[in-house]
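Novice:
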Amino acid sequence: MSFFLAAGSVSAVFSPNNKVGIHLAVPSDEDVQKASDLVNSTGGKWGYVTLVIQENDRNHDKWQGVFDKLRKKRLIPIIRIGTEPQGAMWKKPSEADAKGWAEFLSGLNWVTKDRYIILFNEPNHGQEWGGSVNPEDYASVSLAFAKELKHKSSDFFIMLAGLDAAAPSQVPAYEDEAVFLSKIIASKKEIFDQIDGWSSHSYPNPGFAGSPYDRGRNSIANYQWELSLLNSLGIEKELPVFITETGWPHSNFSPETVGQYLNAAYERVWNPDGRVRAVTPFVLNYQGEPFLQFSWQKKESTEMYDHYFLMQGMAKIEGSPEQIEKGKITLDLPKELLVDSTYTLPIRLENKGQALWDKDEGYQLKLEEGSIVDSFFSDIKEVAPFEDDEVYLYIKTGSKKAKNKVKISLYKGDRKVMDGGVWNYMTGPLPKLTFRVSRIPKLRKDNNQKYEIQVFDSKEQLVFKKKGIKTIKNVGVIEQVRNVYPAGRYRVVVLSDYYLPRQTFITIKKEGNEVTFKPLLPFDFNKDGKFDIVDFAALIRNFPLLRLFIP
Numbered sequence: 001m002s003f004f005l006a007a008g009s010v011s012a013v014f015s016p017n018n019k020v021g022i023h024l025a026v027p028s029d030e031d032v033q034k035a036s037d038l039v040n041s042t043g044g045k046w047g048y049v050t051l052v053i054q055e056n057d058r059n060h061d062k063w064q065g066v067f068d069k070l071r072k073k074r075l076i077p078i079i080r081i082g083t084e085p086q087g088a089m090w091k092k093p094s095e096a097d098a099k100g101w102a103e104f105l106s107g108l109n110w111v112t113k114d115r116y117i118i119l120f121n122e123p124n125h126g127q128e129w130g131g132s133v134n135p136e137d138y139a140s141v142s143l144a145f146a147k148e149l150k151h152k153s154s155d156f157f158i159m160l161a162g163l164d165a166a167a168p169s170q171v172p173a174y175e176d177e178a179v180f181l182s183k184i185i186a187s188k189k190e191i192f193d194q195i196d197g198w199s200s201h202s203y204p205n206p207g208f209a210g211s212p213y214d215r216g217r218n219s220i221a222n223y224q225w226e227l228s229l230l231n232s233l234g235i236e237k238e239l240p241v242f243i244t245e246t247g248w249p250h251s252n253f254s255p256e257t258v259g260q261y262l263n264a265a266y267e268r269v270w271n272p273d274g275r276v277r278a279v280t281p282f283v284l285n286y287q288g289e290p291f292l293q294f295s296w297q298k299k300e301s302t303e304m305y306d307h308y309f310l311m312q313g314m315a316k317i318e319g320s321p322e323q324i325e326k327g328k329i330t331l332d333l334p335k336e337l338l339v340d341s342t343y344t345l346p347i348r349l350e351n352k353g354q355a356l357w358d359k360d361e362g363y364q365l366k367l368e369e370g371s372i373v374d375s376f377f378s379d380i381k382e383v384a385p386f387e388d389d390e391v392y393l394y395i396k397t398g399s400k401k402a403k404n405k406v407k408i409s410l411y412k413g414d415r416k417v418m419d420g421g422v423w424n425y426m427t428g429p430l431p432k433l434t435f436r437v438s439r440i441p442k443l444r445k446d447n448n449q450k451y452e453i454q455v456f457d458s459k460e461q462l463v464f465k466k467k468g469i470k471t472i473k474n475v476g477v478i479e480q481v482r483n484v485y486p487a488g489r490y491r492v493v494v495l496s497d498y499y500l501p502r503q504t505f506i507t508i509k510k511e512g513n514e515v516t517f518k519p520l521l522p523f524d525f526n527k528d529g530k531f532d533i534v535d536f537a538a539l540i541r542n543f544p545l546l547r548l549f550i551p
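Position 296 (the sequence shown) corresponds to 296 in UniProt numbering; numbering is contiguous.
1) I believe Tyr485 touches Pro334 by the beta-carbon criterion, under 8 Å. Please report the beta-carbon distance rounded to the nearest angstrom.
2) Return helix, strand or coil for Arg268, following the three-state DSSP convention.
3) Pull up the CB-CB distance for Gly476 and Lys467, whole angstroms please, since I reckon it's below 8 Å.
4) Within 10 angstroms of its Cβ, does Gly21 collect 16 or more other Cβ (buried), or is it exposed?
5) Could you give the DSSP three-state label for Arg541: helix, strand or coil?
6) Could you give the DSSP three-state label for Pro135: helix, strand or coil?
7) Please state if the CB of Ile440 and the CB of Pro501 are separated by a distance shorter than 7 Å.
8) Below 7 Å CB to CB, which residues in the same chain sit around Tyr308 once its five sequence neighbours on both sides are set aside?
9) Residue range of the alpha helix (DSSP H) that Gly100 falls in?
10) Where Ala402 and Trp423 are concerned, what is the direct C-alpha to C-alpha distance, given to the nearest angstrom?
11) Determine the extent of the beta strand (DSSP E) in which Gln297 is found, giving its start and end residues.
12) Distance, Cα to Cα, Val141 vs Trp46?
13) Locate the alpha helix (DSSP H) running through Glu231, then write down its first and last residues.
14) Roughly how far, in whole angstroms, is the beta-carbon of Ile76 from the beta-carbon of Thr112, given that I think they are within contact range, below 8 Å?
15) Excluding the 5 residues preceding and the 5 following Thr344 in the sequence, name in chain order all residues of the same chain whose CB lies nearer than 7 Å to its CB.
16) So Val32 is in the beta strand (DSSP E); what residue range does that whole segment cover?
17) Suppose you measure from the CA of Ser102 to the CA of Lys152; what does that come to, to the nearest Å?
18) I'd like to confirm the pairing. Which residues does DSSP put opposite Asp419 in its beta bridges?
19) For Asp379, count neighbouring C-beta atoms within 10 Å of its own C-beta (all shown protein chains included) and say buried if the count is 16 or more, exposed if not.
20) Assuming Leu430 and Leu338 make a contact with CB atoms under 8 Å, what is their CB distance in whole Å?
21) Note down the Cα distance separating Phe435 from Glu514, rounded to an integer number of angstroms.
22) Is the segment 61 to 78 in contact with the segment 134 to 148, if contact means three or more CB pairs nearer than 8 Å?
23) Where does residue 558 fall in DSSP's three states?
24) Does the pairing of the segment 170 to 187 with the segment 77 to 94 give three or more beta-carbon distances under 8 Å?
25) Compare the C-alpha of Leu51 against each of Phe145, Ile533, Asn205, Val283 and name the closest.
26) Under 8 Å by Cβ, that's how I've got Gly370 and Lys412 pegged, so tell me the actual separation to the nearest angstrom.
27) Under 8 Å, with one C-beta from each stretch per pair, do the segment 220 to 234 and the segment 286 to 296 reach the 3-pair mark?
28) Assuming Phe180 and Leu163 are in contact, meaning their beta carbons sit under 8 Å apart, how far apart are those beta carbons, in whole angstroms?
29) Under 7 Å between the Cβ atoms of Tyr261 and Pro212?
30) In three-state terms, what does DSSP make of Pro431?
31) Going by C-alpha distance, which of Trp357, Ser301, Glu303 is nearest Lys326?
32) Does the beta-carbon of Ser254 have 16 or more other beta-carbons within 10 angstroms, so that it is buried, or is it exposed?
33) Report yes if the CB atom of Glu390 is closer than 7 Å to the CB atom of Arg348, and no otherwise.
34) Take Lys147 and list the residues in its own chain whose beta-carbon comes closer than 7 Å to its own, dropping the five residues that flank it on each side.
35) Kindly list the residues whose CB is nearer than 6 Å to the CB of Lys352, restricted to its own chain and excluding five residues on each side of it in sequence; keep chain order.
36) With H, G and I counted as helix, E and B as strand and the rest as coil, what does DSSP make of Met311?
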């Protein structure tokens, strides 16, 4: 039986959120690991990373690999869309570019249900917009991008670009943030119908030298000034805040001071403010100008500055982001079991959603309805999206024959994420097995010869064995065979000292189970189950074994 869970998502009414994050220049394995060690430390899980995807780097396999890596490290990506450098400036995007970006971004399996997107970077700098600031053009292009993305999926969480609050009004090179925003709203106020959050570059200005105790514009609380400005311009929509750039350069302050300042900013401003969803200081690792002074990793070294470790030690919380759960549970289970038996039954899981199914994340199979005398499931271990794996149900049946009905479902903690359907089965009496076996070169039928019978399932697991079975005229009987089930296919092996094993196969029936083995050969003198040169040495040490060759 296969049970398919349609696209859906599971989240609590309130999802705990780890606000701590970091900006990554490149998503290398080393930097992703260091980011995880930083933001998911000291009680934390599911922190954020801000990344830039340039239009000349839209490689599906590369970025799907990055997302899968972030998923395993419990990191939530915030993706800033970028064009590509043209000399000393960035190419200006156009409305026509929106469709290609939407196709690319919607083709990725994201880490969380919310697909965080920032539309470009500091467009109140002329060099970020083809050489000349143009708020009206930025508004038109961003509106086209937002609409195209939302058309692809309502899960895209759109933010306008973070702006430079310290920029002067010197058109075309710069425009004051307040002027820039007022012109966006005057030109395309409806863009805020498509906007879900607010990206802020809340740097401690002027000169990145401000105090963590400063407030207002050009401070670490710059976002508060921005939200007030938006409200004064007629934008009443409540926008959660993502501070995707902030921090102090270690050229102005010692790394220890930078760490103390960041800690104060989190504890006094960002963490207590419920509007702030994430803070990703700039930048984990940047090995050249002009941002070397902001790098948390030392130049030409794998070592980190002190503020990395100070922030690593800051108390955090375990986030629980909403993820789409989709997949299939296949219950290819027998319809009849036997009393007084134990079973290991496979259940196949196929993950087609976003979450990484793992015991450490609280994922487990449960018997939601019905009961079994004694049972448990094996652990679920790292079943990634678009992968499948088997989980095993271990059962011990009782001594009574009965009809049974159980429902198996996938849970995360105490919350059901997938309905696995119903398994109906009955427990019946133990079957009898009759076997026929002879030995070469014996000419007469044996009486009272002792044998061992072993039974293996389709996965080559030993499910039953019985020793010391006597035969009469080469026929042996096992009155009760446990741990098998009717219609199951099994490999049956017969063993006798100094004889090579023989095997055959049987499909178990309720009655009439009979097998006949080929004659046993007396060539296993060292009793290891095979015939080789070592057996000759064993025969030389034990000449009485030659009696086995007497007819």
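A virtual CB, placed ideally from N, CA and C, is assigned to each residue, including glycine.
Specialist: So, from the data block:
1) 4 Å
2) helix
3) Not quite, the Cβ-Cβ distance comes to about 12 Å (not below 8 Å), so this is no contact.
4) buried
5) helix
6) helix
7) no
8) Leu38, Trp296
9) 98 to 106
10) 14 Å
11) That residue, Gln297, is in no beta strand (DSSP E); it is neither H nor E in DSSP.
12) 32 Å
13) One detail in the question is off: residue 231 reads as Asn in this sequence, not Glu. Note, Asn231: alpha helix (DSSP H), 222 to 232.
14) 6 Å
15) Tyr392, Tyr394, Gln461
16) Run containing Val32: none in the beta strand (DSSP E); it sits in the alpha helix (DSSP H), 29 to 39.
17) In the sequence as displayed, the identity of residue 102 is Ala instead of Ser. C-alpha separation (whole angstroms): 7 Å.
18) Ser409
19) exposed
20) 5 Å
21) 6 Å
22) no
23) Because the chain here runs from 1 to 551, residue 558 falls outside it and cannot be looked at.
24) no
25) Val283
26) Going by Cβ atoms, the distance from Gly370 to Lys412 rounds to 21 Å, so no, they are not a contact pair.
27) no
28) 6 Å
29) yes
30) coil
31) Trp357
32) exposed
33) yes
34) Gln194
35) Lys326, Gly327
36) helix
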